[in-house]
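Peer 1: Below is one structure. I have some questions about it.
Protein chains: 2
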Amino acid sequence: MTTPRLSRRIPDLVPSPIREILAVIDRPGMISFAGGLPAPETFPKLDLSAVPPECLQYGPSEGEPALRQAIAAQLRDRGLDCTADQVLVLSGSQQGIDLVAKLFVDAGTRVAVESPTYLAALQAFRFFGADFAEFEPATPAAIAGAAFAYVVPTFQNPTGRCLDDAARRALAAACDAEGVTLFEDDPYRDLDYTGGAHRPVCADLRAAPWIYQGSFSKTFAPGLRLGYLACAPEFVTPLTRLKQAADLHSNRVSQWLVLQAFGDPRRGARLREFAGWYRERRDTFAQHLARHFAGLARWELPPGGLFFWLELAAGAALDTRTLLAPALERGVAFMPGEPFHAVEQPRGAIRLNFSHAAPDDAGRGLGILAEIVRDAVARL
Amino acid sequence: MTTPRLSRRIPDLVPSPIREILAVIDRPGMISFAGGLPAPETFPKLDLSAVPPECLQYGPSEGEPALRQAIAAQLRDRGLDCTADQVLVLSGSQQGIDLVAKLFVDAGTRVAVESPTYLAALQAFRFFGADFAEFEPATPAAIAGAAFAYVVPTFQNPTGRCLDDAARRALAAACDAEGVTLFEDDPYRDLDYTGGAHRPVCADLRAAPWIYQGSFSKTFAPGLRLGYLACAPEFVTPLTRLKQAADLHSNRVSQWLVLQAFGDPRRGARLREFAGWYRERRDTFAQHLARHFAGLARWELPPGGLFFWLELAAGAALDTRTLLAPALERGVAFMPGEPFHAVEQPRGAIRLNFSHAAPDDAGRGLGILAEIVRDAVARL
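Going down the list, the sequences are from chains W and R. Residues in the first sequence are numbered from 1 upward in steps of one, following the working numbering. Residues in the second sequence are numbered from 381 upward in steps of one, following the working numbering.
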């Protein structure tokens, strides 16, 4: 067999640990805190009896005009000054990350990221050769010189943290002052357990270019792979061309289904009902955590999203990746914290999804996980 | 407004002329020979009443196991030795082109392509920095030194040409001898108006690595954005990781619908019926062509696919891109031939889709187009 000549980028193509873990969590009896699966209870009943036949034909790369209008109207409600022309429908918001990486990142391009941040964004930026600069949104001096700053301000994955107004204004001001494009990723905003406006950071920019993206995976159905981005006018043309080259356009039946949901007068009430369901899961999980992890870790109650972020008392002495094999062996899956950082070194933090496991399983799984942490700490 | 710092690749990001033309062909009265839209008459009736609820959740990056098995079985029937493990479901076969470009192409990587070839493949390879080498499948010496050779052997877009067995064997032998990976793109094989085995070129490789891809856009529905690739075992892992980073996974409802079609005993008969419909359109179009373009161009009756390729008698003296504005002005859309070549220079050839326009419109449109060509030739 001949050895193929691959791109220089391929050796850096490490597997997504999330996807690798998802591959084993279907094992019977496995208790999973690993993924970020939305609850199936929140999924819609599909009615395709009324899907217009033109949805089966090729469609526009930018997305269906009516859906782009509905998205733009929603974004204006959030405070973002944008029109339908600035909206691009995506095949899931992961695609937005790929397109933005293509738009900006060459080998050595500086990309400013939070630490920790969404790991699949790190992977995509790294694949195109990003040189990461880590920044704190509230004190964002480190974004200087970056091609763009990537931020998940609202119920971040993995920390669950929501930026307050001061941090949002500080980040926007720094982007304006430094001329750094802001790439704001906002998939979790509707999983809100406390209320609040959570004004997009992009809405407060005065000079810096911006890209804002959202997802229908958490509030409609991930299996339909649909998201969107909106952006400053100068990015619309290049991003549309990149979208064409990536997959021509997004699934039109999915777009039609999501558009129907936009027009459903009960949608707001349904989203609030789902948030209530998730909040209940979160609160029960917090009780289990207090029982099993008191003294062993610190955490905050996430005001939204799907995750608890546990900073173990052992700190950076502990590489949580070493906990994964013993945990999986005892039937518990979780996400080590290290891959959520641009620099993968021992961090002593783990990410736990609180919504997927049934409450009793969650308690049992957390008990097992606490034992594993305690054992590992004893061996340090 | 700050000027953003974009990737060095972005200035090369030229618009897809097809997509630009598609934007105007919706004008009332426009006769379009430009796109490659499948006939809506061939689209399935969607029944989503039985979609399993798990299709709404996140799914595997590789695709649904049952669909991968069905695809592998079909590929074995075509002569390709492969298992379900080697199959990756794609969000349309355009995505396969993007993934293969990511897998192989750095700035300056040599990529062997036919001339002409599918223009959206040229665009994707060019975006990643490909240095093109043009080759003839029947005499493929020019593939030497390429990272891969891209070929559409069966009812090619744009020429409609189908490689004979000797050319297929010559190409396979050259890939083996030179150690060049073969990337075979096969979206049109079911639009077959003459019959024949059209054994995949990949099936005859003995040593060279390979990637073979197909589409459900032409035989099911393009709006669902679903395709697939199969590949040599060493490519499965990197391509799966690239797919993860691009969009996590493909739409699961689409995958389920296509899987149902695989199990439909009437599917073979339906595909033959559609091919008959397209063949009739082709034959009527050929009559109109003979009436309007005799002496003005040469062409062959395409044995499959969706296009006639007209080599104008004026030859490379004529840049057919200059014909587009006057044609659109008179209500006729077509595809200039130049963008289908790695080197965009005047070629004197045009691509005409024969299936979209109703037969009477096609005759009228061809009459107008012939006048425009005649006028342009008179001014040379």
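For each residue, glycine too, the CB sits at the ideal point set by N, CA and C. Owing to the predicted nature of the structure, the values given are computational and were not obtained by experimental measurement.
(1) Give the straight-line distance between the Cα atoms of residue 622 of chain R and residue 466 of chain R, rounded to the nearest whole angstrom.
(2) Between the stretch 82–97 of chain W and the stretch 61–73 of chain W, do at least 3 Cβ pairs fall closer than 8 Å?
(3) Just checking, does the stretch 422–439 of chain R make contact with the stretch 612–619 of chain R on the three C-beta pairs under 8 Å criterion?
(4) If you follow the alpha helix (DSSP H) that residue 272 of chain W is in, where does it begin and where does it stop?
(5) Any beta-carbon of chain R closer than 8 Å to the one on residue 221 of chain W?
(6) Work out the CA separation of residue 545 of chain R and residue 186 of chain W for me, nearest whole Å.
(7) Can you tell me whether residue 636 of chain R is helix, strand or coil according to DSSP?
(8) Using 8 Å as the limit for Cβ to Cβ distance, is residue 230 of chain W near chain R?
(9) Using a Cβ-Cβ cut-off of less than 9 Å, give me the residues of the stretch 50–64 of chain W that come near chain R, in sequence order.
(10) Quick one: residues in its chain with C-beta nearer than 6 Å to the C-beta of residue 504 of chain R, no 5 flanking neighbours on either side, listed in chain order?
(11) Can you list the residues of chain R that residue 102 of chain W reaches, using a CB-CB cut of under 8 Å?
(12) For residue 682 of chain R and residue 688 of chain R, what's the separation of their Cα atoms in angstroms?
(13) Say whether the stretch 404–413 of chain R touches the stretch 191–206 of chain W, bearing in mind that this needs 3 or more beta-carbon pairs closer than 8 Å, one atom from each stretch.
(14) Evaluate the contact criterion for the stretch 153–162 of chain W versus the stretch 182–199 of chain W: three or more CB pairs, one atom per stretch, below 8 Å.
(15) The beta strand (DSSP E) that contains residue 328 of chain W, what's its start and end?
(16) Within its chain, find whatever has a CB closer than 6 Å to the CB of residue 163 of chain W; leave out the 5 residues flanking it on each side and keep chain order.
(17) If you count every other CB in all the chains shown that lies within 10 Å of the CB of residue 404 of chain R, and 16 or more means buried, which is it?
(18) Among W:265, W:14, W:362, W:67, which residue has its Cα nearest to the Cα of residue 250 of chain W?
(19) Please name the residues in the stretch 628–641 of chain R whose beta-carbon is closer than 8 Å to at least one beta-carbon of chain W, in chain order.
(20) Comparing alpha-carbon positions, which option in R:429, R:592, R:485 lies nearest residue 8 of chain W?
(21) Indicate whether residue 694 of chain R and residue 760 of chain R have their beta-carbon atoms separated by less than 8 Å.
(22) What are the partner residues of residue 530 of chain R, as DSSP defines its beta bridges?
(23) The beta strand (DSSP E) with residue 595 of chain R in it runs from where to where?
(24) Is the distance from the Cβ of residue 714 of chain R to the Cβ of residue 698 of chain R below 8 Å?
(25) Between residue 709 of chain R and residue 514 of chain R, what straight-line distance do the alpha-carbon atoms span, to the nearest angstrom?
(26) Round the Cβ separation of residue 418 of chain R and residue 597 of chain R to the nearest angstrom and send it over; I've been treating them as touching at under 8 Å.
(27) Which one of W:95, W:273, W:117, W:343 has the shortest CA to CA distance from residue 240 of chain W?
(28) Please report the straight-line C-alpha distance between residue 752 of chain R and residue 213 of chain W, rounded to a whole angstrom.
(29) With 9 Å as the limit, tell me which residues of the stretch 457–479 of chain R have their beta carbon closer than that to any beta carbon of chain W; keep them in chain order.
(30) Within the continuous beta strand (DSSP E) that includes residue 729 of chain R, where are the two ends?
(31) Output the boundary residues of the alpha helix (DSSP H) element that contains residue 505 of chain R.
(32) Helix, strand or coil for residue 678 of chain R, going by three-state DSSP, please let me know.
(33) If I measure Cβ to Cβ from residue 510 of chain R and keep anything under 7 Å in the same chain, skipping five residues before and after, which residues do I get?
(34) Using a C-beta cutoff of 8 Å, does residue 513 of chain R count as contacting chain W?
(35) Compare the C-beta of residue 238 of chain W with all C-beta atoms of chain R and state if any pair is closer than 8 Å.
(36) Taking the Cβ atom as the reference point for each residue, do residue 749 of chain R and residue 705 of chain R lie within a distance shorter than 8 Å?
Peer 2: Quick look at the numbers:
(1) 15 Å
(2) yes
(3) no
(4) 267–293
(5) yes
(6) 53 Å
(7) helix
(8) no
(9) 51, 53, 54, 55, 56, 57, 58, 59, 60, 61
(10) 477, 478, 481
(11) 387, 389, 507
(12) 6 Å
(13) no
(14) yes
(15) Taken as a continuous stretch (DSSP letters only), residue 328 of chain W belongs to no beta strand (DSSP E), being part of the alpha helix (DSSP H) at 321–329.
(16) 137, 153
(17) exposed
(18) W:67
(19) 628, 629, 630, 631, 632, 633, 634
(20) R:485
(21) yes
(22) R:493, R:563
(23) 590–595
(24) no
(25) 34 Å
(26) 7 Å
(27) W:95
(28) 46 Å
(29) 470, 471, 472, 474, 475, 477, 478
(30) 729–733
(31) 499–507
(32) strand
(33) 485, 489, 491
(34) no
(35) yes
(36) no
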